[in-house]
Every structure is written in structure tokens, then in C-alpha cells.
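**Q** Chains A, B, C, D and E are the protein sequences, given in the same order. Taking UniProt numbering, the leading residue of the first sequence gets 1, the next gets one more, and so forth. Taking UniProt numbering, the leading residue of the second sequence gets 1, the next gets one more, and so forth. Taking UniProt numbering, the leading residue of the third sequence gets 1, the next gets one more, and so forth. Taking UniProt numbering, the leading residue of the fourth sequence gets 1, the next gets one more, and so forth. Taking UniProt numbering, the leading residue of the fifth sequence gets 1, the next gets one more, and so forth.
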Amino acid sequence: MMHVLPYLVAAYIFLTGCYGLATSRNLIHAIGCLAVCQSSTYVLLLAVGYQDGATAPVFSDLRPGSRPVVDPVVQALTLTDIVVGATVTALLLALVLQIAKRHGTVDPDELRELRG
Amino acid sequence: MHHLLPLLVAVPLLGAALLVAVGHRLPRIAAEITGFVVSGATAALALVLLLNSSPPMVEWVGGWLPVGGESVGIVVVGDGPALGMAALVSLLTLAALAYSWRYFEEPPRGHRGAFTALMLAFQGAMCGFAIAGDLFNAFVFFELMSVTAYALTGYRIDDAKAVQGALTFGVVNSLGAYAMLLGIGLLYARTGELSMAKIGRGLDAAAGHGGPDALVLASFVLVLTGLLVKAAAVPFHFWLPDAHAVAPTPVCMLLSGVMVELGVYGVWRVYGTVFAGPGGIPAADLTRALVTLGTLTAATAAVMCWYQRHIKRLLAYSTVAHTGLFLVGIGVLTPEGDDGVALYIIGHAGVKAALFACAGVLLDRYGSVDEHTLHGRARELRTTAVLFAVGALGLAGLPPFGVALGKAVTEEAVGGPLTAVYVAASAITAGAVLRVTARVFLGLGPRPQDADSDLETSGAGEEPETAGLLSRIPDTMTTVPALLLAAAFAVGVGPGFGDLVARSVNEAGSGGAHASVHWTLPGVLLGLASTALAVALGGLAVTRPHWTTAPDWARPLRRLQSGHVGDYVAWLLMGATVLGALALPGVLGG
Amino acid sequence: MAVNGWILAATVCLGGGGAAALWGVTTGPPARRVVAQNMTTSALCPALLLLSQGYGRPAYVDLALLLALLGPVGTLVFARLLGDDLEGGRPSAWGLTWTAAGLSAVVVAAVCAATGPGRAMVKLLVVGALLIAGNVIASRALSGGFRGVRGG
Amino acid sequence: MNRLRLVLLAVGGTGLAALLVAACLGLPGFGGRSHPYGARAVHASLTRHTANTIASVNFDQRAYDTLGEMSILFAAVLGCVVLLRQARDEHRAQPQPAEVARPVRRYALIVLPVALVTGLYVVAHGQLSPGGGFQGGVVAATALHLLYLGADYRALERVRPLAVFETSDALAVSTYLVLGAAGVLAGTSFLANTLLPYGTFNTLSSGGTVPLLNAAVGMEVASAVVVLLANFLDQAVEIEEEHGS
Amino acid sequence: MSDAVIVVALLLTAASATAAVAQRDPARQALVLSVLGSVLAVLFTVLQAPDVGLSQLAVGAALTPLLIMLSVRKVRRRGRTHDAAAKDGAR
Numbered sequence: 001m002m003h004v005l006p007y008l009v010a011a012y013i014f015l016t017g018c019y020g021l022a023t024s025r026n027l028i029h030a031i032g033c034l035a036v037c038q039s040s041t042y043v044l045l046l047a048v049g050y051q052d053g054a055t056a057p058v059f060s061d062l063r064p065g066s067r068p069v070v071d072p073v074v075q076a077l078t079l080t081d082i083v084v085g086a087t088v089t090a091l092l093l094a095l096v097l098q099i100a101k102r103h104g105t106v107d108p109d110e111l112r113e114l115r116g
Numbered sequence: 001m002h003h004l005l006p007l008l009v010a011v012p013l014l015g016a017a018l019l020v021a022v023g024h025r026l027p028r029i030a031a032e033i034t035g036f037v038v039s040g041a042t043a044a045l046a047l048v049l050l051l052n053s054s055p056p057m058v059e060w061v062g063g064w065l066p067v068g069g070e071s072v073g074i075v076v077v078g079d080g081p082a083l084g085m086a087a088l089v090s091l092l093t094l095a096a097l098a099y100s101w102r103y104f105e106e107p108p109r110g111h112r113g114a115f116t117a118l119m120l121a122f123q124g125a126m127c128g129f130a131i132a133g134d135l136f137n138a139f140v141f142f143e144l145m146s147v148t149a150y151a152l153t154g155y156r157i158d159d160a161k162a163v164q165g166a167l168t169f170g171v172v173n174s175l176g177a178y179a180m181l182l183g184i185g186l187l188y189a190r191t192g193e194l195s196m197a198k199i200g201r202g203l204d205a206a207a208g209h210g211g212p213d214a215l216v217l218a219s220f221v222l223v224l225t226g227l228l229v230k231a232a233a234v235p236f237h238f239w240l241p242d243a244h245a246v247a248p249t250p251v252c253m254l255l256s257g258v259m260v261e262l263g264v265y266g267v268w269r270v271y272g273t274v275f276a277g278p279g280g281i282p283a284a285d286l287t288r289a290l291v292t293l294g295t296l297t298a299a300t301a302a303v304m305c306w307y308q309r310h311i312k313r314l315l316a317y318s319t320v321a322h323t324g325l326f327l328v329g330i331g332v333l334t335p336e337g338d339d340g341v342a343l344y345i346i347g348h349a350g351v352k353a354a355l356f357a358c359a360g361v362l363l364d365r366y367g368s369v370d371e372h373t374l375h376g377r378a379r380e381l382r383t384t385a386v387l388f389a390v391g392a393l394g395l396a397g398l399p400p401f402g403v404a405l406g407k408a409v410t411e412e413a414v415g416g417p418l419t420a421v422y423v424a425a426s427a428i429t430a431g432a433v434l435r436v437t438a439r440v441f442l443g444l445g446p447r448p449q450d451a452d453s454d455l456e457t458s459g460a461g462e463e464p465e466t467a468g469l470l471s472r473i474p475d476t477m478t479t480v481p482a483l484l485l486a487a488a489f490a491v492g493v494g495p496g497f498g499d500l501v502a503r504s505v506n507e508a509g510s511g512g513a514h515a516s517v518h519w520t521l522p523g524v525l526l527g528l529a530s531t532a533l534a535v536a537l538g539g540l541a542v543t544r545p546h547w548t549t550a551p552d553w554a555r556p557l558r559r560l561q562s563g564h565v566g567d568y569v570a571w572l573l574m575g576a577t578v579l580g581a582l583a584l585p586g587v588l589g590g
Numbered sequence: 001m002a003v004n005g006w007i008l009a010a011t012v013c014l015g016g017g018g019a020a021a022l023w024g025v026t027t028g029p030p031a032r033r034v035v036a037q038n039m040t041t042s043a044l045c046p047a048l049l050l051l052s053q054g055y056g057r058p059a060y061v062d063l064a065l066l067l068a069l070l071g072p073v074g075t076l077v078f079a080r081l082l083g084d085d086l087e088g089g090r091p092s093a094w095g096l097t098w099t100a101a102g103l104s105a106v107v108v109a110a111v112c113a114a115t116g117p118g119r120a121m122v123k124l125l126v127v128g129a130l131l132i133a134g135n136v137i138a139s140r141a142l143s144g145g146f147r148g149v150r151g152g
Numbered sequence: 001m002n003r004l005r006l007v008l009l010a011v012g013g014t015g016l017a018a019l020l021v022a023a024c025l026g027l028p029g030f031g032g033r034s035h036p037y038g039a040r041a042v043h044a045s046l047t048r049h050t051a052n053t054i055a056s057v058n059f060d061q062r063a064y065d066t067l068g069e070m071s072i073l074f075a076a077v078l079g080c081v082v083l084l085r086q087a088r089d090e091h092r093a094q095p096q097p098a099e100v101a102r103p104v105r106r107y108a109l110i111v112l113p114v115a116l117v118t119g120l121y122v123v124a125h126g127q128l129s130p131g132g133g134f135q136g137g138v139v140a141a142t143a144l145h146l147l148y149l150g151a152d153y154r155a156l157e158r159v160r161p162l163a164v165f166e167t168s169d170a171l172a173v174s175t176y177l178v179l180g181a182a183g184v185l186a187g188t189s190f191l192a193n194t195l196l197p198y199g200t201f202n203t204l205s206s207g208g209t210v211p212l213l214n215a216a217v218g219m220e221v222a223s224a225v226v227v228l229l230a231n232f233l234d235q236a237v238e239i240e241e242e243h244g245s
Numbered sequence: 001m002s003d004a005v006i007v008v009a010l011l012l013t014a015a016s017a018t019a020a021v022a023q024r025d026p027a028r029q030a031l032v033l034s035v036l037g038s039v040l041a042v043l044f045t046v047l048q049a050p051d052v053g054l055s056q057l058a059v060g061a062a063l064t065p066l067l068i069m070l071s072v073r074k075v076r077r078r079g080r081t082h083d084a085a086a087k088d089g090a091r
């Protein structure tokens, strides 16, 4: 079980976020769900790079080669991903604010301008 | 020479950063000239690199050359298709910047260069995506491209539809990008590599003689979901009409002209480099998946395109229909198909950007892009009328436009009944554009009746993008579409251009086979046939409107485009499942 | 890794504190939820300190430092911007607050004892001080720290 | 219509879930030992005297990704500035002073410098210990907003010349790009870390251009977050619509 | 032993994510998201990624909740002034 649990948790988080996104009645809530979706990618990437009994590849307080280390590449990827997530959240929230002003609502069910 | 490749990204980004840094001190004209110069310099760089792209260049950013075949750096690819896309992106950005010359009424206070800076960042992002040879790097530039595109789409914050369309765009594309990242994570777990070529080799090595397994299928589905969302394939396409109909016209030119096509390019690149080996997805499954989705896309979007009255939305659906045709073309996995699609994309970019530019003229002159209310009002705009009609004929594939050459080559490559899809989809979408031309610019036919008002977006009562309604159309707004159409024409008639494109595409992929590209009699006849069909459809719609009103069976189809972001997300999940199901047989069989 | 008391303690701290905080933050009136959000910091920050000790990586203390700094800031954000929702049911969970502060103090003292004097210990003490002060102040803010805030 | 969405969601979600679970079962077990790229990255980091391998990957081996990342931040902040600009039918209201309990105010004012210093520390030690430009930049920028929490919006506005932050955001991006282009000018590759000496392992000046790129990112992130929050705060606190619009 | 702490952190993450989706009011969701951010930071620590954990703390514990709460406040304040204007108009 242990050897797939982290991956399953990542998949679960992604699908949960998608469910929330699809059924949301409030656009701010939807953006929050999108952030949840994204956190699944962090979990997956870091789980992929983990190694049993290893430690972080940061050698400020560790002699190189004294202990096995986990994969640094996925950590760098996740860092990039977190920045992307935060900025996308901010940008989408800015759009939601404008929707609230122009449409007077943040309920996607009431946004009925673009169709057909 | 290959050291210059990353500058395709760095130069526009540096231009954007400097514009923001000093933009509020510059007069507006200086900011615009800066943008023009930077964009032009990038275009020149892309063209120079393109001319030197045989044999294909490879650059390891940061000088991390592979040691014993292994590198820790990021690889950037400078082959014909990559640099060709970068050049196309840059030239079209240049055209869009020229079109928007002194265009928006008031740039945000204290941020005079903001629009130009965002356009430059968009250009840099698209160039970066085009030349990416590393899967994660492709994701990063994919996101940069998306983020700038969201901001540009919602640029007119006074417009309620614009901000809604931008948000839909943002949510659906971000979700697609996260799916793509999950796929990248799975591929990294299997192969421990990020460079596309190395991942492909890793998959083959891991599969041994066993063929692909569920993990390969899942990563294929997830990565392609991200790319197909960008390419707006059915059922991932819902965001596109909502976003393209509301974005500022210069942005539409880029979105429809190249960004969507970059999604198709991404599919081609990723399949060819990562999944084409024995450990990847078998060719038959890819063909089944892409041809099915592509045909569905072309058919759905052609029908939807026909029933639009909002002119920009109509053009957006025509983009979706043509993307479907591109997907079919690359889906058959033949060198001729790749060459044809490459030419088709180049020709389509010119024609579609020109059509959007003309729609922008209508918007700024009359404050409306509604076919019904504009009926006969634009008789005075003779030049624009001619351009719009020529664009429609080019879209239909009238020889010798570039679109026609590309379409003819692709049709020959796909062969069989799929040819009918090409003829029908291009005829219907071009017929709709011709119908608009006849009604709006010539005032032909009776004034159409409004119907189904709960099912459609009208396009009347829009805010113009310029300072007030234009009384006179500036020269830039007619010169730019004219030049774009001329370029699309030149693609078809330029001696040897087709062969040049074909050679550089085949050198980069297509298994080394080399196809030659030239006009053939069946190709010309098919092009003439679809043009004739388009003219007939357009004429019929204008003279006998009740023959071509929406039939009842089209209503559910139109109702699907509900403007509700939750629906679109549900469709995205559904699309991923369908994609998985279409590619499943090969995995089960292996 | 053999049985490691530090990691065991961290697991208990994380499991117990985290679950309780999560339960508190998803149920009940708004006021109680914010209190629970504040308690998350007090539960997770000691866990981070214990983990750093358990893994033998002093560098991980930076995480606890950042959480001790930013956790209360997050709570202050909620206390400030949820002003209206908190009206009426002003939470005053002083018992809980001081229990959490006591827990933090014990953990910091234990980790300090294991580290021994030096720069690392100074850092740990700073973390402890920030954590306890932040926790108490955030509780204070929740029980009426921003009474007069309207337009600002 | 709503029912259709739920059906799609159920079918699509189930299909995708099945696919993902099947993929998870095919993944190499959690905690496995095979990380070829990771092992190479650690080796490369040590040859370039960078103690924090993640910093080496971020600012040296895959610095081109970080360029994309900071451009995303830059573009998103520019996008937010554009999207949250004052529209034609809006005006600015003077924010009202807030009444904050004294202990809270005192805490905020004491923690503010501590947080700023911590932010700078996290940035400065990026190539040695966990942390780096991004993490430290966010902390430093958030620290500034303790003024809003501890006092009121007017106090924050006084110490926050927005134009300066916007300019420094853009200049930091330019610095990163120019440092990258220096490699091309020197005849090597874009973002090549071969121009400066690598220094002594585990000291602040080790790693060649890594500390410089790290500092540029730190400056960019701190300025960008300040600008971002300023735009949201303006919306939440100052900008009001004209009544009856 | 290190497996146990990873399992606990993973389960907490999954539970927080579920809770964040289930809270339909954005202000309450923001509270859960801030908890999710902190829990993720701990998960990253036990997965031996302190750099990522720091990043997640900086973003998840303070920045994202602040952005969401400011948006909520703006949307609510807008609703209030509009209601007031509507009342004025009715009077």
C-alpha cells in the first residue's frame, strides 16, 4: 500500500479539485478549487522524487556523500510550479473582481452573456 | 549560431521589462515604437535562424553540454518547424502591433507601455514554447503564454463579456496545464528524464518488448489534454469562442492566428519525440484518436460557425473548425500530411488574422459586430469589404492562396472520405464569412430576423476599442490586413516556398522521408469545389434565409455552449476519458 | 532509520493537532473556525521543530521560523478582514491558547536541550518566542483586536 | 442542463480516476532508489560549489526554467495591474483610519523588522541552506503588509512608493536577462555560469552567478508581491464605484 | 517510523483538500486553504523538500489567503454599497 499511497493521494486531490470546480456556485470558491487541483501536482512530483531513508540535497549542514539524498530536480520543478500557481490564482482573482463589478454577481449560474 | 536560440525568448522579454521600467516616463508613441522595434528585431532573428536551420540546431542552455549522452541542462531545439513557428509568431505579433498603432483610447494611467509589454511577453512565451525541447520547459512557456493571454483577453475591463470570457479561458486552460504537468510527472517517474528525446528513449527502454502500459497511456492522455485544450479540440474547445469573441482585436489576431496552432504543433512535437517509439503509443491509436477528435471538431465547429451572428465569434468557430482539420492532417502520420498542415497553418494565420482585423474595423466604426444589426450599414467601407471577401475566399481554399495549397496537400495525404470533411468544413465556415460579407458590406438580401435570442450572443452594443467610434478608418487598420492577405497569397504562389517548408518539416520529423509539395490538378479542383460550395452556401443564405435557419437538431448542440465554466470543466474531464478510450486498444493489445 | 522518538513525537503532534485543527476549521461558527486556524500554527510549528531534530537537519528549522512568523500574520488577516462575521460571537479561547503556548514552550525547551548552546539554540529560542507571542497576540486580535475597523 | 453536467462529471471523473489509478499502480514504488537525473544534478551542483542543490538546479542547471517562472510572475503582476486599474466609472475613497488594539499594533511593529530581516536572510542564504529568492522575497513583501494589519492602510501607503516597486520589479527581470545574455556575448551559451569564479564551498559568494541570479529573483518577487497586494488592497479598500452606475 | 509520519501527513493533506472543496463559502474556504497550505508545507518537509516547504508556507499560509480574503471583502463591500444605493433609490 505504502508504495502507491502518495500517488493515489495526488490523483484523489486532482479529481476532488475538479469536482469542486465543476460544481462551484461562487467563482472565488472555484479559484480556490483550482488551487487545490494544482496542489496535486506538487504532491505527485515530490512523491516521485522521494527516496527511502534519504535526506534533502542541501549541504549547508551535511557533508556531501555522507547520507543518500532525494531527487533535487523535482523539488526545483515544484518550486516553479508553486510560483505559477500563486500568480495564476492572483490573476484569476483579479478577473473575478472585475466580473463582480460588471455582472454584479460571482455565481457562474447567473453569468448568461456568452452562449450559443 | 545556435547560441542565439534562447535570445528569441530573451529579447522580447527584455523589451517588455524595459517598457514597464521606463514606460510611465515615455510618451505613448515612444513606447509603441520600442515595442515595434523589439518585436521586429525578434522577427528578424527568427528569420535569420530559420534560414540557417538546416541541419537542425540544438542548444544546451547554460552550456550544459551532454557528457556521455547525459546532461543536466535544458535543451532548446532549432529545427525548421520550431523556428518556422517562432518566425510566424514574431511576424504576426509585428502585424498586430502595427494594427494597434495608437489604437486603445487610454492606456492605464502610469502604465503607458503595459499593452505593448504584454504583447511582447506573449511573443516571447510563444517563441519559447515553439523552440522548447524539454518537456517541463515547454510547460513553463505554455503557462507564460497562457498567463499573458488571460490578461490580454480581459484587457478591456469595462466590458462585462471580456472579463467573463477571460476567466473561462483562464480556468479551463490552467486546468489543462495542470493535467499536462501531472503527465510530465508520470513520465519523469518512469524515465527519470525531462528532455523530450530522452523521455522517448527512456520509454522505449522501459517497455522492452512489452509495448506501452497504463502509465504510458495515462501520461499520453494527460499531456495531450493540456495541449488539446490549447488547440481547442472538441470537447476541450468551449473556452475558445468565449475568449476569442471578446479579446481586443489585435490579441484575437494572435490567439486565432498562432496560439491555437501552437497547441497543434505541441501535439505533433510531443508525439513525434516522446510517444512515437515502440514504448509509446502505437501509430494506429494516435491516428484513431486524432482523426476522430479532429473530424468531430471540424464538424461541430462548422455547424456552430454557420449559426453565429456575432462576427468575431463566427471567426472563432471557424478557427476551431480549421484546427480540427489540422489535427486530422497530423493524425495520419505521413510526411505529406505534416507538410500540408505546416503550409495550411501559415496560410490560415495570414487569412484569419486579416479577417479578425476587418472585424475590428467594424467594431471600431459602428460599435457592433452583429451581423443582423449591421445589415447593409457598412456599404461605405469599400476597402474593408474587398479585404473581407478576399479573406473569405482564401479561407475557403481558393487557389492559389496558401491555405489552398496546404489544404490540397493535406487532402491528398489523408485521402478517402476524409477529403469530404476538408471540403465541407472549409466551405461551411467560408460560406458563413461570405454571408456576412454580403449582408454587412453589400446589404444584400432581406434583413435577417432575430430568433433564438436565449441561445446566442448577439454582438450588438459593443464598446469600440478606440477612443470613441471612428469616423475614418486609419490606414494602418486597412494596410495590415491587406499585407496579411498578400502574404497568405504569396505562400501559395511563391516559387519553391512549399518545397522549402516541406524540406524543413521533413528534416525535423516524419522519419526522414521527404515529400515534395506542389500544386496538383485534383488539389486545385478540390480547392475550386470548396470555394464554389462556399459561394453557393453564402448566396443561398442571403437570398433564401429560411432555407438555412437553424434546424431543430442543432439546438442541443448550441445549448452545450452554455458559457458556464463548470460545464466546461466537466467536458474537459470527459474529453480526457474519451481520449484515453480512443488510445486504449493499443495498450491492451500490447 | 530506527525508532526515533523525535519523529514519533512529531507524528503525534502533527496527527493530533492537525486533525483537531482541521475539524475545528471546517465546523462551527466563523469565530471558532478562526481560532482553529490559529491553532494550526501552534500544532504544526512544534511538529516542524521536532522533525528537524529527528532528521538531524538543523537547516530545517528555517521552516519553523517562517511558520512562526507567517502563521500569526495569516490569522491577523482573517481577524481583520472577517471583522463582520466575527461580530457577536467574539471567541475567547484563552485556555486553548495557553495550552498551545505551553506545548510550544515544552517542545522548544526539549529541542534546545538536545541541540546544546550555540547559534542554533539562539535561532530556536527566537522561533519559540515568535511562536508563543504570535499565538497569544493572534488570540488577542480575535477577541476584539480590530474593534473599530470599518473602512480601512 | 445541470443534470448533463453531473453525468459528464461522473463519467469523465470515473474514467480519469480509473486511468490515474492504473497509472499509479504502474509507477515505480514510492521511495525507490533510481533517480538518474537527480544524481547527475547533485554531482553537477558539487562541481560548481553550490551547497544547496535545489538552488543549483534552479539558478544554474535549469536557470532557463526560472527565467520562464519569473517572467510568469512578471506578466501576471503586469496583468493584475492592468486588470485592476481604476475604471472610468470608479473613484477613490480615502481609507478610514483603523482602531487596532495596542498589543496587536505593538506586535506588528516589532515583528515587521524581524520578518524583513528573515526575508533577506532567506534570500541571501539561498544557495547554501533551504530558501532562496522566491521564498525570501515573498516573506519580505508580506512583512511590509504587517503595517496594514497592525496600523491602517494609510500607514502602509506612506512606506510604499508603488512606482519604485514597479520599476524595481521590471529592472530585476532585466538584470536576470542581461546576466543571461552576458553568456552569449562572452561567446558561450545563454545563462552560462562560467563567467565568475565558483568560490569556496558553503560560503555566501560561492556558486558563480547563482547568488546574483538568486538576488535578482528575490528583488523581483518582493517587488512583484508588493505591487500585486497593493492592487488588491486598492480594490478592497479604496476604489469604489460611482453610485447608480 | 518515517513512513508513519509520511502517511499521517498525506492523509491530512487529502482531508484538508476535501474540506477545502466542500466549504462553499469563499471566506471559510480561505481558512481551510490556509490550513491546507501549512499541512502541505509539513508534507514537503517529511518528503525531504524543505525548499519547497518554505515556498509553500510563504504562499499558502499568508499570500493566497490574503488575496482571497481581499477579493471576498471587495465583492461583499460592493454588494453592500449597491444595496445601500438601491435603498436610497427606493426612498
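Even for Gly, the Cβ is constructed at its ideal location relative to N, Cα and C.
When the cut-off is 7 Å and only beta carbons count, does SER38(E) lie next to chain A?
**A** Not one chain A Cβ lies under 7 Å of SER38(E).
**Q** Using a C-beta to C-beta distance shorter than 7 Å, which residues of chain B count as neighbours of ASN193(D)?
**A** Within chain B, the residues near ASN193(D) are GLY62.
**Q** For the alpha helix (DSSP H) that contains ARG106(D), what are its first and last residues?
**A** Looking at the DSSP string, the run of the alpha helix (DSSP H) that includes ARG106(D) is 102-124.
**Q** Roughly how far, in whole angstroms, is the beta-carbon of GLY62(B) from the beta-carbon of GLY35(B), given that I think they are within contact range, below 8 Å?
**A** GLY62(B) to GLY35(B), Cβ: 29 Å. No contact.
**Q** Using a C-beta cutoff of 7 Å, does PRO30(C) count as contacting chain A?
**A** No - not a single Cβ of chain A is within 7 Å of the one on PRO30(C).
**Q** In this structure, what does DSSP give as the bridge partners for VAL58(A)?
**A** DSSP, once it has assigned bridges, lists ASN52(D) as partnering VAL58(A).
**Q** With a CB to CB cut of under 8 Å and the five nearest residues on each side skipped, what residues in its chain are close to CYS24(D)?
**A** Correct list: empty, nothing qualifies.
**Q** Per DSSP, which residues does GLN51(A) bridge with? Please list them.
**A** Answer is GLY31(D).
**Q** Counting only Cβ-Cβ distances shorter than 8 Å, please list the residues of the segment 58-70 of chain A near chain C, keeping chain order.
**A** Those would be VAL58, SER60, ASP61 and LEU62, in chain order.
**Q** Cβ of LEU149(D) within 7 Å of Cβ of ARG80(C)?
**A** Yes.
**Q** Flag this pair as touching only if the segment 215-234 of chain B and the segment 53-72 of chain D have three or more C-beta atom pairs under 8 Å; answer yes or no.
**A** They do not touch, by the three-pair rule.
**Q** Using a Cβ-Cβ cut-off of 6 Å (strictly less than) and excluding sequence neighbours within five positions of ARG150(C), which residues of its own chain qualify?
**A** A caution first: ARG150(C) carries a pLDDT of 45, below 50, which makes its placement in the model unreliable, though a value can still be read off. The answer is none, since no qualifying residue turns up.
**Q** Give me the chain D residues within the contact set of HIS3(A), using Cβ-Cβ distance strictly less than 9 Å, ordered along the chain.
**A** What HIS3(A) touches in chain D: LEU27, PRO28, GLY29, PHE30, GLY31 and GLY32.
**Q** Quick one: grab the DSSP three-state call for HIS111(B).
**A** Reduced to three states, the DSSP call for HIS111(B) is coil.
**Q** Are there 16 or more other CB atoms within 10 angstroms of the CB of THR99(C), so buried, or fewer, so exposed?
**A** By the 10 Å Cβ count, THR99(C) comes out exposed.
**Q** Grouping DSSP H, G and I as helix and E and B as strand, with all else coil, what is ARG57(C)?
**A** Three-state DSSP puts ARG57(C) in coil, outside helix and strand.
**Q** What in chain D is Cβ-close to GLY192(B), meaning under 7 Å?
**A** Within 7 Å Cβ-Cβ: SER34, HIS35, PRO36 and TYR37.
**Q** Below 8 Å on the Cβ atoms is my guess for VAL328(B) versus LEU290(B); work out the distance and round it to an integer in Å.
**A** At roughly 7 Å, the Cβ-Cβ gap stays under 8 Å, so VAL328(B) and LEU290(B) are in contact.
**Q** Spatial neighbours of CYS13(C) within its chain, please: C-beta separation below 6 Å, excluding the five flanking residues on both sides.
**A** PRO46 and ALA47, listed in sequence order.
**Q** Checking contacts by CB at 7 Å: is residue 126(A) closer than that to chain D?
**A** With chain A covering only 1 through 116, there is no way to say anything about residue 126(A).
**Q** When the distance is taken between beta carbons, is SER206(D) closer than 7 Å to GLY199(D)?
**A** Against a cut-off of 7 Å, the Cβ pair of SER206(D) and GLY199(D) comes out as a contact.
**Q** Pull up the distance between the alpha-carbon of LEU8(B) and that of GLY131(D), whole angstroms please.
**A** Spanning the two alpha carbons is a distance of roughly 31 Å.
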